[in-house]
Amino acid sequence: MGFSAPAGKKRLAACAIPPGHSSPRGSQHRVPKKASHRMACLPDPRAGADVCRRGCRDGRTRMRLETICWGPFEENTYLYGDERECILLDPGAPWSELAGPVAGRKVRAILVTHSHLDHIYGVDEARDATGAPVLAPRGEERGFEDPERNLSAFFGMPMTRRPADSVVEEGYRLKIGGTVLEVVAVPGHSPAHVIWLGRDFAFSGDTVFAGSIGRTDLPFSDSALLLRSIREKILALPDETALYPGHGPRTTVGTERRFNPFLGAV
Numbered sequence: 012m013g014f015s016a017p018a019g020k021k022r023l024a025a026c027a028i029p030p031g032h033s034s035p036r037g038s039q040h041r042v043p044k045k046a047s048h049r050m051a052c053l054p055d056p057r058a059g060a061d062v063c064r065r066g067c068r069d070g071r072t073r074m075r076l077e078t079i080c081w082g083p084f085e086e087n088t089y090l091y092g093d094e095r096e097c098i099l100l101d102p103g104a105p106w107s108e109l110a111g112p113v114a115g116r117k118v119r120a121i122l123v124t125h126s127h128l129d130h131i132y133g134v135d136e137a138r139d140a141t142g143a144p145v146l147a148p149r150g151e152e153r154g155f156e157d158p159e160r161n162l163s164a165f166f167g168m169p170m171t172r173r174p175a176d177s178v179v180e181e182g183y184r185l186k187i188g189g190t191v192l193e194v195v196a197v198p199g200h201s202p203a204h205v206i207w208l209g210r211d212f213a214f215s216g217d218t219v220f221a222g223s224i225g226r227t228d229l230p231f232s233d234s235a236l237l238l239r240s241i242r243e244k245i246l247a248l249p250d251e252t253a254l255y256p257g258h259g260p261r262t263t264v265g266t267e268r269r270f271n272p273f274l275g276a277v
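Numbering (my numbering), first residue to last: 12 to 277.
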């Protein structure tokens, strides 16, 4: 969930509920009949720097990054891995939309950036279907069982999910293929929000979007804290670092540093 951009800027699709709205009543959200599905090919550190983003040489390991955008908040669920195994991140989509992309691969873990309803909606179905453990940031695990914390009560659709299997903290690392993903704390949009940081990319959740930032007019959010997190943790990354956000398209740290209208004073 994010802010809509200032007047004259293209509004992020995920920001259809603008700041100041305390309820989704009257909003124009519609659940898409079918999720959108995008796939890219990312370099595997084991395979050498000449592995391209759109295709790989025969015989080389490739890491696939798949984006499944679904639901009234148009949330991005990510699959990242190789031909044999993968991780599932922020499963906001139901298993019916994820089963096809996952087919034939072992899901090593289900990772969460934060526990808002649009990011954990499909978590129990995914856990049941794959047997993979759910890893949640310490402080965000409360949202699985608390409709106030996960904002489902705020949006008039109370829901709960089973507890996370493991709680992780800043500095925790998970290896998938040749990639190590590290937990970096970026609170503000939610109390204990994290990003999962790879060598040259990050799953950034609802911190920074292409031309926007995460909403802070929500319960348990903090605008000053979010901006500090962005300044100290995200803008400190190299400009070429790719950001895969919870809503909307891929962007980079450098692009947002230069052009994001919300980050001019950060």
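Built from N, CA and C at the ideal position, the CB exists for glycine as well.
On a predicted model such as this, the values are computed, not experimentally measured, just so you know.
Cut-off 8 angstroms between Cβ atoms - residues of its own chain near residue i, not counting five sequence neighbours on either side
i    : result
P105 : W81, Y132, G133, E136
Assumed close pair residue i, residue j - CB separation to whole angstroms, cut-off 8 angstroms
i    : j    : result
R116 : R138 : Their Cβ separation, rounded to whole angstroms, is 16 angstroms, which puts R116 and R138 out of contact at 8 angstroms.
D228 : G199 : Wrong, their Cβ atoms sit about 12 angstroms apart, outside the cutoff.
A196 : T252 : About 17 angstroms separates the two Cβ atoms, so there is no contact after all.
A110 : A140 : 7 angstroms
R219 : E267 : According to the sequence provided, residue 219 is Val. The question's Arg does not apply to it. That belief holds up - the Cβ atoms of V219 and E267 are roughly 5 angstroms apart, short of 8 angstroms.
V123 : P158 : The pair is not a contact, with the Cβ atoms about 17 angstroms apart (cut-off 8 angstroms).
R75  : I187 : With 8 angstroms as the limit, R75 and I187 do not qualify as a contact, their Cβ atoms being about 11 angstroms apart.
Same chain only: Cβ atoms within 6 angstroms of residue i, ignoring 5 sequence neighbours per side
i    : result
F273 : I224
A221 : G259, P260, T262
G209 : T190, L192
R153 : R160
L100 : Y89, L122, F214
Same chain, Cβ closer than 7 angstroms to residue i, neighbours up to 5 away in sequence not counted
i    : result
F231 : R160, S201, P202
P112 : H48, E77, I79, L90
G265 : D250, E251
S177 : P144, L146
S107 : none
Three-state secondary structure assigned by DSSP to residue i
i    : result
P256 : strand
R153 : helix
T141 : helix
S232 : coil
P148 : strand
A110 : helix
R173 : coil
L237 : helix
E136 : helix
E96  : strand
E181 : coil
Bounding residues of the beta strand (DSSP E) (the contiguous stretch that carries residue i)
i    : result
T190 : 190-196
G92  : 86-92
L185 : 184-187
I121 : 117-122
M74  : 74-81
Range of the contiguous alpha helix (DSSP H) that encloses residue i
i    : result
R268 : 264-270
R210 : Element bounds for R210: n/a, residue is neither H nor E.
I131 : 128-131
Counting pairs of beta carbons, one from the segment 163-183 and one from the segment 236-247, are three or more of them closer than 8 angstroms?
no
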